[in-house]
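Q: Top line first, the protein sequences correspond to chains A and B. The C-terminal residue of the first sequence carries number 215 in this note's numbering, and the numbering is unbroken. The C-terminal residue of the second sequence carries number 425 in this note's numbering, and the numbering is unbroken. Quick reminder that beta carbons are idealized off the backbone N, C-alpha and C, glycines included. Sharing a structure with you now.
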Amino acid sequence: MIRTTSLRFTYQNTNNHIFCFPDIDLPPKKDILILGPSGVGKTTLLHLLAGLLPSKAGDIFIANNCLNRLTRRQLDYFRGQHIGLIFQKTYFIKSLTLLENLTLRERFSKKKIDRYHKEELIMHLGLSDLQNKKVYQLSEGQQQRLSIALGVIHKPKVILADEPTSNLDDGNCIKVISLLKKEAQICKSNLVIITHDQRVKSHFNNHIIL
Amino acid sequence: MLYLAYKNLISKPLNTLLSILLLMLSISLATFVLQVRNQLNHHLESNIKPFDMVIGAKGSPLQLVLSSVLHIDNPTGNISLEKAMRIAKNPLVKEMIPVSYGDNYKGIRILGTTHEYLTKYKASLQEGRLYEKPFEVVIGSGVSKKDNLQVGDTFVSSHGLAENGLETHNEKPFIITGILKPTSTIIDHLIITNLESIWEVHEHNDESHHHEEVHKGEHVDEHSNHAVESGEEREITSLLVKFRNPLGALQMSRFINDETTMQAALPKFEIERLMGFLGIGFQTINGIAIAILLVAGLSIFINLIKNVRERKQELALLRTYGANTFQLIKLVFLEALFLSLLGATVGWFLGRISIWFFSIFIEDVYSYHFVFSLPTTKELIILVLVILTTLMAAVLASLSLYKLNVSKTIADA
Numbered sequence: 006m007i008r009t010t011s012l013r014f015t016y017q018n019t020n021n022h023i024f025c026f027p028d029i030d031l032p033p034k035k036d037i038l039i040l041g042p043s044g045v046g047k048t049t050l051l052h053l054l055a056g057l058l059p060s061k062a063g064d065i066f067i068a069n070n071c072l073n074r075l076t077r078r079q080l081d082y083f084r085g086q087h088i089g090l091i092f093q094k095t096y097f098i099k100s101l102t103l104l105e106n107l108t109l110r111e112r113f114s115k116k117k118i119d120r121y122h123k124e125e126l127i128m129h130l131g132l133s134d135l136q137n138k139k140v141y142q143l144s145e146g147q148q149q150r151l152s153i154a155l156g157v158i159h160k161p162k163v164i165l166a167d168e169p170t171s172n173l174d175d176g177n178c179i180k181v182i183s184l185l186k187k188e189a190q191i192c193k194s195n196l197v198i199i200t201h202d203q204r205v206k207s208h209f210n211n212h213i214i215l
Numbered sequence: 013m014l015y016l017a018y019k020n021l022i023s024k025p026l027n028t029l030l031s032i033l034l035l036m037l038s039i040s041l042a043t044f045v046l047q048v049r050n051q052l053n054h055h056l057e058s059n060i061k062p063f064d065m066v067i068g069a070k071g072s073p074l075q076l077v078l079s080s081v082l083h084i085d086n087p088t089g090n091i092s093l094e095k096a097m098r099i100a101k102n103p104l105v106k107e108m109i110p111v112s113y114g115d116n117y118k119g120i121r122i123l124g125t126t127h128e129y130l131t132k133y134k135a136s137l138q139e140g141r142l143y144e145k146p147f148e149v150v151i152g153s154g155v156s157k158k159d160n161l162q163v164g165d166t167f168v169s170s171h172g173l174a175e176n177g178l179e180t181h182n183e184k185p186f187i188i189t190g191i192l193k194p195t196s197t198i199i200d201h202l203i204i205t206n207l208e209s210i211w212e213v214h215e216h217n218d219e220s221h222h223h224e225e226v227h228k229g230e231h232v233d234e235h236s237n238h239a240v241e242s243g244e245e246r247e248i249t250s251l252l253v254k255f256r257n258p259l260g261a262l263q264m265s266r267f268i269n270d271e272t273t274m275q276a277a278l279p280k281f282e283i284e285r286l287m288g289f290l291g292i293g294f295q296t297i298n299g300i301a302i303a304i305l306l307v308a309g310l311s312i313f314i315n316l317i318k319n320v321r322e323r324k325q326e327l328a329l330l331r332t333y334g335a336n337t338f339q340l341i342k343l344v345f346l347e348a349l350f351l352s353l354l355g356a357t358v359g360w361f362l363g364r365i366s367i368w369f370f371s372i373f374i375e376d377v378y379s380y381h382f383v384f385s386l387p388t389t390k391e392l393i394i395l396v397l398v399i400l401t402t403l404m405a406a407v408l409a410s411l412s413l414y415k416l417n418v419s420k421t422i423a424d425a
């Protein structure tokens, strides 16, 4: 469950420009697509929802926890357990293999290691033969799938994806969206996708336009 | 976290290797110098401990101590046994042991002395019996091992103290009657016999020289230790003296040096003087080790700062995984700790291996054996200081992590 009320944010060095975001009320296991052109604060909203940025006003409730009321340490812990982030660019720990990256993400969630889920996930994403490869040895497509795996490996309550399809062709765009929706369904998570990519629109019933 | 720190380090092998190499070098140098100094001190002390004073021919007092007590230099000359014994009758003297030498077997000194000399070094027999008659010898454990000599073996000595002496005493072979247990003192590397053996071997030698003199019309008597016809006085190389109280050594040495043709040297004083000279060298090497250590610390610091900067996005990613700032600092700390522990441990072992090589060299030249020993308190202090230095470098390197803006770092990449 995600609920935001009167959410506002301002960056210190932007002449006090205030980002005002519409309220979101998303029941458990539901998806939402947040669309908007560049510069309207899509990534800012995503980072607010992930607890990476503190809001100037308004409240964010995720799984009945008000993020604004959590201490820094509690927020880190909460993020580790309940938020799954998928970025536009792929980020990994370069010194580790694909499998080690996934295990590391799982460990930081402080949840019980679910080997079955991990194996299933690796199989679903077609990464079975690449488990012991260093991440820099993977192709872009494989890295994109690993990025999705890292966002869902710990079965988060909320999956937040930032422009996951912007660099992909039409075929791969559909594949990635399908994968995200499928994994969100398996993990019983809310899926929030922010994008300016209009191709994605048709795959979601629930939209917010910034 | 430990595994991640390890993987991060081995993913940049060159940087890691450079930091470890520098640390290793400084630690090995520092521990090597410490060990040489400690073990040399220990060796010298245990060898000079039984005696308060050495009486010998005039010359350098340090040379007298080195030759008569530590057996690593040439003697200053000979003294009259009778005159030396007269001085030793002083009531301040508790014990006195005459020593005489002038020959060697394959570079090993043959020392003529009394059984008390062995008692002073707490030497006991491993097999066989002590020498009783002239030309009977007991050998130190090191000698037995080095030349594979056994009880009952015989050998002929060469004249002088240098190995491969051209002049050998073939007519008077020595027989080994006993082998001593290891004592970790100079005794382990000596061949010991009674004084009469030394006198007799040279008595005979002098006769041969006399014949040569008749034939060749010239004679160069290199033996200071010559035996003489009956009625002539016997000579010894030196007299080792133990006093009833330490004041005796001071009083007697002043008298001997001022009033006689002999000289008295105090081993403890001379060795302290020697160590004082060596100390300058040790301090210089220590200084170099500290300088390398500082460079190593700086290298680790630069390495860590570079790592933190280059891995800023990875560290931000870990924050999105739920890691807090403390955990990121812990990761940098672990990397630093890993570097310092590995560098210090390998450096310590390298220091010990250097001691081993040094021991092989010094044992050949000076008959000193350096042993493998566990870390000393000083070495542990160095280890702790090294770890603290690298951890300090880690603290400085991880200061920027407090200000890490995860959102900006992820968004800007």
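1) Please list, in chain order, the chain B residues whose beta carbon lies closer than 7 Å to that of A/Y82.
2) Which of the three DSSP states, helix, strand or coil, is assigned to B/Y117?
3) Taking 8 Å as the CB-CB cut-off, is B/N20 touching chain A?
4) Output the boundary residues of the alpha helix (DSSP H) element that contains A/H212.
5) Determine the closest residue to B/G89 out of B/E247, B/I60 and B/L123, with distance taken between C-alpha atoms.
6) For the alpha helix (DSSP H) containing A/M128, list its first residue and its last residue.
7) Give me, in chain order, the residues of the same chain whose beta-carbon lies closer than 7 Å to that of B/L362; leave out the 5 immediate sequence neighbours on both sides.
8) For the segment 6-52 of chain A, which segments carrying the beta strand (DSSP E) assignment without a break, of at least 3 residues, lie completely within its bounds, in sequence order?
9) Quick check: what's the CA-CA separation for B/S352 versus B/I32?
10) Identify the continuous alpha helix (DSSP H) that holds B/I22 and give its terminal residues.
11) Please work out which residues of its chain come closer than 7 Å, Cβ to Cβ, to B/V240, disregarding the five sequence neighbours upstream and downstream, and give them in chain order.
12) If you draw a straight line from the alpha carbon of B/G229 to that of B/I122, how long is it in whole angstroms?
13) How about B/V111 and B/T272: do their beta carbons lie closer than 8 Å?
14) How long is the line joining the alpha carbons of B/P416 and B/Q325, rounded to whole angstroms?
15) Round the Cβ separation of B/F267 and B/V105 to the nearest angstrom and send it over; I've been treating them as touching at under 8 Å.
16) Quick check: A/G85 and A/K115, are their CB atoms within less than 8 Å of each other?
17) Using DSSP's beta-bridge definition, name the partner residues of B/M65.
18) Taking only runs of the alpha helix (DSSP H) that begin and end inside the segment 134-203 of chain A, which ones reach a length of at least 4 residues, in chain order?
19) Could you tell me which residues DSSP pairs with B/A277 in its beta bridges?
20) Pair every Cβ in the segment 144-161 of chain B with every Cβ in the segment 186-205 of chain B, then say whether three or more of these pairs are closer than 8 Å.
21) Give the list of continuous alpha helix (DSSP H) stretches no shorter than 4 residues that lie fully inside the segment 317-360 of chain B.
22) To the nearest angstrom, how far is the alpha carbon of A/R13 from that of A/L54?
23) Taking the alpha carbon of A/L57 as the point to measure from, which residue in B/R285, B/G334 and B/M287 has its own alpha carbon closest?
24) Reducing DSSP to helix, strand and coil, say where A/N106 ends up.
25) Is B/L413 close to chain A? Criterion is C-beta to C-beta, closer than 8 Å.
26) For B/G71, which of helix, strand or coil comes out of DSSP?
27) Which word fits B/Q295, buried or exposed, when buried means at least 16 other C-beta atoms lie within 10 angstroms of its C-beta?
28) In chain A, which residues lie less than 7 Å from B/V418 when you measure between Cβ atoms?
29) Just grab the DSSP bridge partners of B/T88 for me.
30) Thinking just about the alpha-carbon of each residue, which of B/L329, B/L403, B/G355 and B/V398 is nearest to the one in B/I422?
31) I'd like the span of the alpha helix (DSSP H) that includes B/V168, first residue to last.
32) Please list, in chain order, the chain A residues whose beta carbon lies closer than 8 Å to that of B/Q51.
33) Can you give me the C-alpha to C-alpha distance between B/M274 and B/S72, rounded to a whole angstrom?
34) Would you list, in chain order, the members of the segment 305-326 of chain B that have their beta-carbon closer than 9 Å to a beta-carbon of chain A?
35) Mind pulling the chain B residues with CB within less than 9 Å of A/G63?
36) Does the segment 45-57 of chain B come close enough to the segment 312-320 of chain B to have 3 or more Cβ pairs within less than 8 Å?
A: Result, derived from the coordinates:
1) Translated into the one-based positions of the first sequence, residue 82 of chain A becomes position 77. Listed along chain B are G334, each with a C-beta nearer than 7 Å to that of A/Y82.
2) Counted from its first residue, the second sequence places residue 117 of chain B at position 105. Three-state result, B/Y117: strand.
3) For the purposes of this step, residue 20 of chain B is identified with residue 8 of the second sequence, where counting begins at 1. So yes, B/N20 belongs to the interface.
4) The residue labelled residue 212 of chain A in the question sits at position 207 within the first sequence. From DSSP, A/H212 is part of no alpha helix (DSSP H) but of the beta strand (DSSP E) over H212 to I214.
5) Indexing the second sequence from 1 puts residue 89 of chain B at position 77. Among B/E247, B/I60 and B/L123, the Cα nearest to that of B/G89 is on B/E247.
6) Within the first sequence, numbered from 1, the residue matching residue 128 of chain A stands at position 123. Element bounds for A/M128: R120 to H129.
7) Mapped onto the second sequence, residue 362 of chain B falls at position 350. Taking C-beta separations shorter than 7 Å and ignoring five residues to either side along the sequence, the partners of B/L362 in its chain run M36 and S40, following chain order.
8) For the segment 6-52 of chain A, whole beta strand (DSSP E) runs of length 3 or above, ordered along the chain, are 7-15, 23-25, 29-31 and 36-40.
9) Counted from its first residue, the second sequence places residue 352 of chain B at position 340. Counted from its first residue, the second sequence places residue 32 of chain B at position 20. C-alpha separation (whole angstroms): 7 Å.
10) As a first step, residue 22 of chain B must be located in the second sequence, where it is residue number 10. Run containing B/I22: L14 to I22, per the alpha helix (DSSP H) assignment.
11) Here residue 240 of chain B refers to the residue found at position 228 of the second sequence. Below a pLDDT of 50, predicted positions are generally treated as unreliable, and B/V240, at 38, falls in that range; the measurement from the model is reported next regardless. Once the five neighbours on either side are set aside, B/V240 has no close Cβ partner at all.
12) For the purposes of this step, residue 229 of chain B is taken as residue 217 along the second sequence, with counting starting at 1. For the purposes of this step, residue 122 of chain B is taken as residue 110 along the second sequence, with counting starting at 1. At B/G229, the pLDDT of 34 sits below 50, so the modelled position is not reliable; the number obtained from the coordinates is stated separately. A straight-line Cα-Cα distance of about 31 Å links B/G229 and B/I122.
13) Residue 111 of chain B sits at position 99 when you count from the first residue of the second sequence. Residue 272 of chain B sits at position 260 when you count from the first residue of the second sequence. The answer is no: Cβ separation not under 8 Å.
14) Your numbering for residue 416 of chain B matches position 404 in the second sequence. Your numbering for residue 325 of chain B matches position 313 in the second sequence. Per the sequence shown, residue 416 of chain B should be read as Leu rather than Pro. If you take the alpha carbons of B/L416 and B/Q325, they lie about 10 Å apart.
15) For this step, residue 267 of chain B is matched to residue 255 along the second sequence. For this step, residue 105 of chain B is matched to residue 93 along the second sequence. Incorrect: roughly 12 Å between the Cβ atoms, too far for contact.
16) Within the first sequence, numbered from 1, the residue matching residue 85 of chain A stands at position 80. Within the first sequence, numbered from 1, the residue matching residue 115 of chain A stands at position 110. Their beta carbons are under 8 Å apart, which means A/G85 touches A/K115 by this criterion.
17) As a position in the second sequence, residue 65 of chain B is number 53, starting the count at 1. B/V253.
18) List check, alpha helix (DSSP H) in window: 145-157 and 175-192.
19) By 1-based counting over the second sequence, the position of residue 277 of chain B is 265. B/A277 is bridged to B/V66.
20) The segment 144-161 of chain B, when compared against the segment 186-205 of chain B, does touch it at the 8 Å Cβ threshold.
21) Counting only runs that start and end inside the segment 317-360 of chain B, the alpha helix (DSSP H) elements of at least 4 residues fall at 324-332.
22) Within the first sequence, the letter at position 8 stands for residue 13 of chain A. Within the first sequence, the letter at position 49 stands for residue 54 of chain A. Rounded to whole angstroms, the gap between the alpha carbons of A/R13 and A/L54 is 12 Å.
23) Within the first sequence, numbered from 1, the residue matching residue 57 of chain A stands at position 52. By alpha-carbon distance to A/L57, the top candidate from B/R285, B/G334 and B/M287 is B/G334.
24) Taking the first residue of the first sequence as position 1, residue 106 of chain A is located at position 101. Three-state DSSP puts A/N106 in a helix.
25) Position 401 of the second sequence, counted from the first residue, corresponds to residue 413 of chain B. False, the Cβ-Cβ gap to chain A never drops below 8 Å.
26) As a first step, residue 71 of chain B must be located in the second sequence, where it is residue number 59. Secondary structure at B/G71: coil, using DSSP grouped into helix, strand and coil.
27) Within the second sequence, the letter at position 283 stands for residue 295 of chain B. The Cβ neighbour count for B/Q295, taken over all protein chains shown within 10 Å, is under 16; the residue is labelled exposed.
28) Position 406 of the second sequence holds residue 418 of chain B. Within 7 Å of the CB of B/V418, the CB atoms of chain A belong to L57, in sequence order along the chain.
29) By 1-based counting over the second sequence, the position of residue 88 of chain B is 76. Answer is none; B/T88 lacks a bridge partner.
30) In the second sequence, residue 422 of chain B corresponds to position 410, counting from 1. Closest option to B/I422, Cα to Cα, is B/L329.
31) If you number the second sequence from 1, residue 168 of chain B lands on position 156. No alpha helix (DSSP H) holds B/V168; DSSP gives it neither H nor E.
32) In the second sequence, counting from the first residue as 1, residue 51 of chain B sits at position 39. What B/Q51 touches in chain A: nothing, since even the nearest Cβ is about 43 Å away.
33) Counted from its first residue, the second sequence places residue 274 of chain B at position 262. Counted from its first residue, the second sequence places residue 72 of chain B at position 60. Cα-Cα distance, rounded: 11 Å.
34) For chain A, the residues of the segment 305-326 of chain B that bring a beta carbon within less than 9 Å of one of its beta carbons are R323, Q325 and E326, in chain order.
35) Mapped onto the first sequence, residue 63 of chain A falls at position 58. Those do not exist, as A/G63 stays about 17 Å from chain B at its closest Cβ, beyond 9 Å.
36) At 8 Å Cβ cutoff, the stretches do not touch.
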